[in-house]
Amino acid sequence: MKLLESAGVELAGKTAVVVGRSRIVGMPQALLLGRKGADATVTVVHSRSQDIGAICRGADILVAAVGRAEFIIADWVKPGSVVIDVGVSRVEDSGAENGYRLAGDVHPDVAEVAGLLSPVPGGVGPMTIVMLMANTITAAKHRKSR
13 MKLLESAGVE
23 LAGKTAVVVG
33 RSRIVGMPQA
43 LLLGRKGADA
53 TVTVVHSRSQ
63 DIGAICRGAD
73 ILVAAVGRAE
83 FIIADWVKPG
93 SVVIDVGVSR
103 VEDSGAENGY
113 RLAGDVHPDV
123 AEVAGLLSPV
133 PGGVGPMTIV
143 MLMANTITAA
153 KHRKSR
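151 is the number that the numbering used here gives to position 139 of the sequence shown; each next residue is one higher, with no gaps.
#1: Leaving out five residues before and five after residue 72 in sequence, what residues of the same chain have Cβ atoms less than 6 Å from its Cβ?
#2: Do you know offhand how far residue 100's Cα is from residue 38's?
#3: At what residues does the beta strand (DSSP E) containing residue 45 begin and finish?
#4: I believe residue 67 touches residue 118 by the beta-carbon criterion, under 8 Å. Please report the beta-carbon distance rounded to the nearest angstrom.
#5: Going along the chain, which residues of its own chain have a beta-carbon closer than 6 Å to the beta-carbon of residue 78, five neighbours each way excluded?
#6: When you compare the stretch 54-62 with the stretch 97-116, are there three or more beta-carbon pairs, one atom per stretch, that lie closer than 8 Å?
#7: Can you find a CB in chain C that lies within less than 7 Å of the CB of residue 116?
#8: If you draw a straight line from the C-alpha of residue 152 to the C-alpha of residue 158, how long is it?
#9: Would you say residue 45 and residue 95 are within 7 Å of each other, going by their C-beta atoms?
#10: Among residues of its own chain, excluding the 5 on either side of residue 125, which ones have a beta-carbon nearer than 6 Å to its beta-carbon?
#11: Is DSSP giving residue 29 helix, strand or coil here?
#12: Hey, residue 136 and residue 98: beta-carbon distance below 7 Å or not?
#13: Would you mind sorting residue 19 into buried or exposed? The rule is 16 or more other CB atoms within 10 Å of its CB.
#14: Can you name the start and end residues of the beta strand (DSSP E) that residue 115 belongs to?
#15: Give the C-beta separation of residue 139 and residue 14 to the nearest angstrom, bearing in mind that I take them to be a contact with Cβ-Cβ under 8 Å.
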């Protein structure tokens, strides 16, 4: 949510699709996007959803949290949409120094279609660490003020 906020993404009235329904990322993200104040219309897509590409193509905001490398392809992305890539996987790459590279849930070609795309690595992962640190500081301040 902080990534969307910092990029100035307006959520109210927008269509958001979350790909993945895990209890750790997918479902909480869907709830945050749809809560009062954010006011997006949210669809959760999972492994048994029919025609995932068509559902994703309707999204103004697409959150990929499925845990499958490069699962979201450019044809599934609405031009100009905001795409948040939560996933990180190791994929074999003979050209890489150690034989593999890190890849997100979003195929790199999506960058040509999306208006905004969070990078992997360097996007959600570092933001998660920053938010954990900020929450630790907030908790310490609350404890001290007791």
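Beta carbons are placed, not taken as given, at the ideal position from N, Cα and C, and that holds for glycine.
Based on what the coordinates show:
#1: The answer, listed in chain order, is 26, 27 and 93.
#2: 14 Å
#3: Taken as a continuous stretch (DSSP letters only), residue 45 belongs to no beta strand (DSSP E), being part of the alpha helix (DSSP H) at 38-46.
#4: So it is not a contact: roughly 15 Å between Cβ atoms.
#5: Correct list, in chain order: 31, 32 and 117.
#6: With the rule of 3 Cβ pairs closer than 8 Å, the stretch 54-62 does not count as touching the stretch 97-116.
#7: Reference to chain C is not applicable here, since this structure consists of a single protein chain.
#8: 10 Å
#9: no
#10: 86, 89 and 91
#11: Here DSSP, grouped into helix, strand and coil, assigns residue 29 to strand.
#12: yes
#13: Counting Cβ neighbours within 10 Å, residue 19 comes out exposed, since fewer than 16 surround it.
#14: 112-115
#15: The beta-carbon separation of residue 139 and residue 14, rounded to 6 Å, stays under the 8 Å limit for a contact.
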